[in-house]
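One rule links them: number in my numbering = place in the sequence shown (from 1) + 8.
The structure appears below as structure tokens.
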Amino acid sequence: MNVRSQISMVFHLDKCLGCHTCSIACKNIWTSRKGAEYMWWNNVETKPGCGYPTRWENQEKYGGGWETSNGNLRMKSTGKGRAIFNIFHNPRLPSLDDYYEPWTYDYPELFNAPEGPDQPAARPVSKITGKLIQIQAGPNWDDDLGGSPVYAQNDRNLVGLTDEQRQQLSSIERLVLFYFPRICNHCLNPACVAACPSGALYKRGEDGIVLVDQKRCRAWRFCISACPYKKVFFNWLTYKSEKCILCFPRLETGQAPACFHSCVGRARYLGVLLYDADQIETAAKHRDEELIEAHRSMILDPRDPVVIQAALQNGIHSSVIEAAQKSPVYKFVKEWKLALPPHIEYRTLPMLFYIPPLSPVMAMQGKDKLVENVSVNLFHDIDEARLPMKFLANLFGAGHEGKVRYALRKVKAVRWYRRAVTVGDVDMATAEHMLREADSSPEEAEDIYRLTSLCALEDRVVIPPAHREETIERVEDTAEHQTNHGFGFLTELGRGM
Ligand code: SF4
Ligand code: SF4
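What follows is the structure in structure tokens.
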């Protein structure tokens with residue numbers, strides 16, 4: 009067992025309001041610089057929708073992530089061997105049109121326009137060329153456009169839906185959307201790191217944050233193609249790649265990352281997970297339907313004496329183990345199995361997990377047929393929700409519904425149980441039966457309720473104390489061991505920016 013610690017995250021999608029406060033907090037701190045105007049390390053998309061950059065989930069176009077071939081794991085299109093052919097032209101990069109041309113407005117015109125019959129207008133001006141432009145797209149261009157034929161209906165996650173389901177999705181009675189906040193997943197098997205010919209991207213040893221060494225970056229941009237989530241960006245002025253750094257300077261001083269700290273919906277959770285790094289390659293090679301369980305099984309119980317012993321032997325500080333024991337992420341991901349990784353089939357083993365949303369039950373099914381709200385099947389509304397289960401399964405279950413259905417049943421059972429407790433219009437015996445059916449209990453339901461609804465910032469964000477100096481010393485001592493590890497990125501442990 010090779011125990012490592014990783015700062016991990018959970019986003020609760022039923023709690024996200026789509027206010028974009030997180031995006032603005034991140035932009036103000038990290039990407040309001042020249043060359044970074046178009047970058048949104050944190051963005052919030054509307055689903056169904058095409059996202060930012062447009063259609064980032066289209067791996068036939070971008071070839072991001074990993075695939076298995078004859079029992080081996082290889083990058084989809086940007087392995088170092090194949091990268092040589094794309095050195096001078098890489099067709100698998102998003103263009104500025106896929107992101108958008110950043111703009112400002114001609115504000116001086118409002119003050120300096122000569123007197124005339126019309127009100128002066130501040131027209132949009134490109135932040136790249138300084139010329140007037142017609143705005144054609146933006147990072148939130150499809151915001152709230154549930155059902156739109158241009159955006160929602162081009163969502164990759166609609167694959168496998170029947171024609172009837174697709175039609176219903178865009179009918180006015182069934183319009184539905186949810187918000188999908190995204191940052192770098194700080195993956196355990198990061199394709200961005202593996203793709204970089206210069207070794208500029210690396211995963212920090214003590215907390216797993218994935219960073220770009222600005223001095224080493226040689227502008228190959230293979231990291232951008234390789235990341236299936238399109239969370240590496242290219243600064244057109246410095247000619248270096250950049251990405252979410254999970255606000256590590258804030259974390260090292262005990263503060264929550266800006267997007268977590270500012271989250272209005274209190275939808276974000278952060279905490280340490282201990283995992284077994286020896287299982288990375290094996291886990292990533294599993295079949296699609298087994299991936300979530302394989303990923304989960306890598307996450308270790310921080311209270312298990314054997315794990316604690318192995319963690320201490322591996323140089324993990326006892327204060328980090330204590331933080332792992334209090335981690336809200338561990339509860340959501342491992343104990344309650346409510347939070348799922350996005351697109352696990354990309355096999356980068358993301359360490360940001362999502363609690364899928366319970367969308368409203370449809371009022372109308374087919375023509376003029378009202379759905380009964382009472383049913384012998386306690387969870388009938390999960391299948392009758394406006395957003396087809398298949399859509400959520402494509403996003404959070406590698407196309408398989410089982411784990412998503414399990415999470416949604418539990419979320420619904422907890423809601424009914426709390427309604428029985430507080431409002432009293434639900435029969436308690438039915439609510440408890442529902443909890444049992446959802447593999448839960450009243451005690452667990454209370455814990456889930458507390459961490460979901462009554463949580464303060466210190467419950468949602470449990471930051472371990474930083475032990476940077478010790479980590480660097482440890483890495484120097486164990487450099488030889490790391491070099492022998494099969495995955496290149498582990499040799500980069502502990503290097504600072
Ligand atoms: Fe790299 Fe994963 Fe982050 Fe993409 S999401 S930049 S693959 S660590
Ligand atoms: Fe959602 Fe929180 Fe971001 Fe608002 S700040 S969009 S609630 S994740």
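Don't be surprised by glycine CBs; every beta carbon is placed ideally from N, CA and C.
Give the DSSP bridge partners of residue i, in chain order.
i           : result
residue 75  : 82
residue 284 : 11
residue 276 : 19
residue 111 : 134
residue 469 : 278
residue 240 : 251
residue 52  : 189
residue 462 : According to DSSP, which records beta bridges pairwise, residue 462 is partnered with nothing at all.
residue 456 : Beta-bridge pairing links residue 456 to no other residue.
residue 143 : Residue 143 pairs with nothing; no bridge assigned.
residue 439 : The partner list for residue 439 (beta bridge, DSSP) is empty, contrary to what the question assumes.
residue 307 : 283
residue 264 : Partner(s): none; residue 264 has no beta bridge.
Is the beta carbon of residue j closer than 8 Å to that of residue i?
i           : j           : result
residue 262 : residue 348 : no
residue 239 : residue 220 : no
residue 322 : residue 98  : no
residue 512 : residue 154 : The requested residue 512 does not occur in the structure, where the chain is confined to residues 9 to 505.
residue 16  : residue 213 : no
residue 346 : residue 307 : no
residue 302 : residue 285 : no
residue 274 : residue 42  : no
residue 73  : residue 266 : no
residue 187 : residue 12  : no
residue 101 : residue 232 : yes
residue 131 : residue 113 : yes
residue 160 : residue 203 : no
residue 403 : residue 165 : yes
residue 156 : residue 163 : no
residue 264 : residue 37  : no
residue 339 : residue 465 : no
residue 337 : residue 277 : yes
residue 411 : residue 447 : no
residue 27  : residue 50  : no
residue 205 : residue 230 : yes
residue 393 : residue 368 : yes
residue 361 : residue 18  : yes
residue 48  : residue 110 : no
residue 172 : residue 344 : no
residue 299 : residue 253 : no
residue 81  : residue 293 : yes
Quick one: is residue i buried, meaning 16 or more other Cβ sit within 10 Å of its Cβ, or exposed?
i           : result
residue 119 : exposed
residue 227 : exposed
residue 314 : exposed
residue 104 : exposed
residue 363 : buried
residue 21  : buried
residue 39  : buried
residue 456 : buried
residue 415 : buried
residue 398 : buried
residue 60  : buried
residue 356 : buried
residue 562 : The question about residue 562 has no answer here: the residues shown for the chain are numbered 9 through 505.
residue 197 : buried
residue 243 : buried
residue 69  : exposed
residue 215 : buried
residue 208 : buried
residue 425 : buried
residue 31  : buried
residue 25  : exposed
residue 115 : exposed
residue 256 : buried
residue 62  : buried
residue 14  : buried
Under 7 Å: does the beta carbon of residue i sit that close to some heavy atom of ligand 3?
i           : result
residue 351 : Summarising the ligand content, the structure contains ligand 1 and ligand 2 and does not contain ligand 3.
Does chain C have any CB closer than 8 Å to the CB of residue i?
i           : result
residue 240 : Structure shown: chain C not included; a single protein chain is present.
- How would the residue list near ligand 1 read, in chain order, if you kept each one whose beta-carbon is closer than 5 Å to any heavy atom? 192, 193, 195, 198, 199, 200, 218, 235, 237, 239, 240 and 356
- Task: Enumerate, from N- to C-terminal direction, the unbroken alpha helix (DSSP H) stretches of 4 or more residues contained entirely within the segment 313-379.
- Result: 313-321 and 326-333
- Message: Which complete alpha helix (DSSP H) runs does the segment 175-225 hold, if anything under 4 residues is left out?
- Response: 199-203
- Item | Beta carbon shell of ligand 2 at less than 7 Å from a heavy atom | 19, 23, 24, 25, 26, 27, 28, 29, 30, 31, 52, 187, 189, 267, 270, 271, 272, 273, 275 and 276
- Message: So within the segment 405-435, which uninterrupted alpha helix (DSSP H) runs reach at least 4 residues, ignoring any that extend past its ends?
- Response: 410-430
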